[in-house]
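Residue numbers (this note's numbering): 111 to 396.
Notes to accompany the following structure.
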């Protein structure tokens, strides 16, 4: 799956605010005009007067990335939100969701665009170790008729020959097929490492690899109020501007304790008796 980077420069559409994604939102462009493909929609987002954006735009030929997944887009803003969105996402879901726009230009191939979207959605879910329960229609968050063919029966029958409920169910099932057709490998038994941050036990664990403590990057960074940056193109994780020598196990990035601590401005202590890495302001780690 190839992705074309055309990152936005319009600050009204790309505020640069860092986010920690919790869900993936599916949209449609609602523009059936000829030529209203991914590049055209990206260029619309990039106009200085536009105050809307999404992370990805998909047409029948390509996937265009407009925003890094760790930056906020303006794709689900509203005056009010549905209860489930408020409960599972946040009071302002733009600050914790990734948005995908599906193109419906009349000179494009809907089936090809649909398949590309399924592949992209599955890739994102895999990387974050999410299930299809993390998929949201724009409608599920704000009540907007978007994507119309997953919400309204008349649009659904025109585009998919199904009801809206059937079409949305099929989309989730198609994503699920890709998730299970190439499942993440079952992790090998490892020596578990416990983690304490300023004396508080972290729910996530690390493991020992060649006598080195490997810690889950995202869990540790977020416990300290920081957000690691993941570049899908290079598969590189950065914390506080520091590139890490990470290892990915079952979709989770781990880094050596000493290296991660240095990036976070902390020191570490290794308790060999309890196999605990203690992160604070002082010591040495295994």
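All C-beta atoms, glycine included, are put in the ideal place defined by N, C-alpha and C.
Keep in mind the model is a prediction, meaning the values are calculated, not measured.
- The residue among 276, 121, 387 with its C-alpha nearest the C-alpha of residue 330 is 387.
- As the crow flies, the alpha-carbon of residue 217 is around 45 Å from that of residue 352.
- DSSP assignment within the region 219 to 272 yields the following whole alpha helix (DSSP H) runs of 4 residues or more, N-terminal first: 220 to 237, 248 to 252, 263 to 270.
- Setting aside the 5 residues that flank it on each side, residue 242 is surrounded in the same chain by 282, 285, 286, each with a C-beta closer than 6 Å to its C-beta; the list follows chain order.
- With respect to the 8 Å criterion, residue 207 and residue 135 are classified as neighbours on the basis of their beta carbons.
- Going by DSSP, residue 194 is part of the alpha helix (DSSP H) stretching over 193 to 198.
- Spatial neighbours of residue 367 in its own chain (CB-CB distance under 6 Å, excluding positions within 5 residues in sequence) are listed in chain order as 323, 325, 378, 387, 395.
- The beta-bridge partner set that DSSP reports for residue 318 consists of 323.
- Short of 7 Å from the beta carbon of residue 220, and not among the five residues preceding or following it, lie these beta carbons of its own chain, in chain order: 214, 269.
- Secondary-structure assignment with DSSP links residue 389 through a beta bridge to 307, 378.
- Only residues of its own chain outside the window of five on either side were considered, and among them 199, 206 have a CB closer than 6 Å to the CB of residue 132, listed in chain order.
- Going by beta carbons, residue 315 and residue 303 fall inside the 8 Å limit.
- Counting only residues of its own chain and dropping the five nearest sequence neighbours on each side, residue 338 has a CB closer than 6 Å to the CB of 327, 328, 331, 347, 349.
- Residue burial is scored here from C-beta neighbours: residue 257 has at least 16 other C-beta atoms within 10 angstroms and is therefore classed as buried.
- Of all C-beta pairs linking the region 248 to 255 to the region 185 to 199, three or more are shorter than 8 Å, placing the two stretches in contact.
- DSSP places residue 203 in the helix class (H, G or I) of the three-state scheme.
- In the displayed model, residue 363 falls within a strand according to three-state DSSP.
- With fewer than 16 other CB atoms across the displayed protein chains lying within 10 angstroms of its CB, residue 290 is exposed.
- By the CB criterion at 8 Å, residue 148 and residue 184 fall outside the cutoff.
- In terms of Cα proximity to residue 222, the closest of 176, 182, 171, 130 is 171.
- Cβ contact annotation for residue 277 (same chain, cutoff 8 Å, sequence separation greater than five): 259, 260, 266, 269, 270, in chain order.
- Taking C-beta atoms as the reference points, residue 165 and residue 248 fail to come closer than 8 Å.
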